[in-house]
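Down below is the structure, laid out as structure tokens.
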Amino acid sequence: MLDDKFFSLFDESLKTVFRCPVCSNRYNPIEAKILAERDNAHLIYLQCLNCQTAILAVILANNLGLSSVGAITDLTSEDVLKFQESEAVSFDDVIEMHQILARDRVLIDQII
């Protein structure tokens, strides 16, 4: 259930921003999921009812007003919450994976 604080954030100025970047359908604020809140920032998950494209958006309220930034994602809201608690991928992790793939062409063929 969404709280009143969210609806105060989702005023007329943000409604014009929250259109699907793929099909331009307007998002329904009732369908939005607040995944995290910290101070005046909210992490919001929205999925277009028309084309099913999902976005993650951060809405920030400050003295200058409201601002938002969003990104298209193929994650579900549950995936976002799950990966939020995961450790970041380190440079060593990337190098190790590169070395594994360089040694094992069969594995690469299976992945592709």
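The opening position of the sequence shown corresponds to residue 9 in the numbering used here, with each subsequent residue numbered one higher.
Even for Gly, the Cβ is constructed at its ideal location relative to N, Cα and C.
- Query: How many whole angstroms separate the CB atoms of Ala65 and Ser76, which I take to be in contact at a CB cut-off of 8 Å?
  - Reply: Sure, about 5 Å apart at Cβ, within 8 Å.
- Item | Cβ-based burial, Phe26 [other Cβ within 10 Å; buried from 16] | By the neighbour-count rule (16 or more Cβ atoms within 10 Å), Phe26 is buried.
- Item | For Gly78 and Ser98, the rounded distance between their alpha carbons | If I take the Cα positions, the gap works out to 25 Å.
- Message: Measuring only the C-alpha atoms, how far is Cys28 from Gln118?
- Response: Cys28 and Gln118 have their C-alpha atoms roughly 35 Å apart.
- Who pairs with Arg113 in a beta bridge, going by DSSP? Looking at the DSSP assignment, Arg113 forms no beta bridge with any residue, so it has no partner.
- Message: Less than 8 Å between the beta carbons of Ala44 and Leu54, yes or no?
- Response: Taking 8 Å as the Cβ cut-off, Ala44 and Leu54 do not qualify as a contacting pair.
- Report buried or exposed for Ile67, applying the criterion of at least 16 other Cβ atoms within 10 angstroms of its Cβ. So Ile67 counts as buried.
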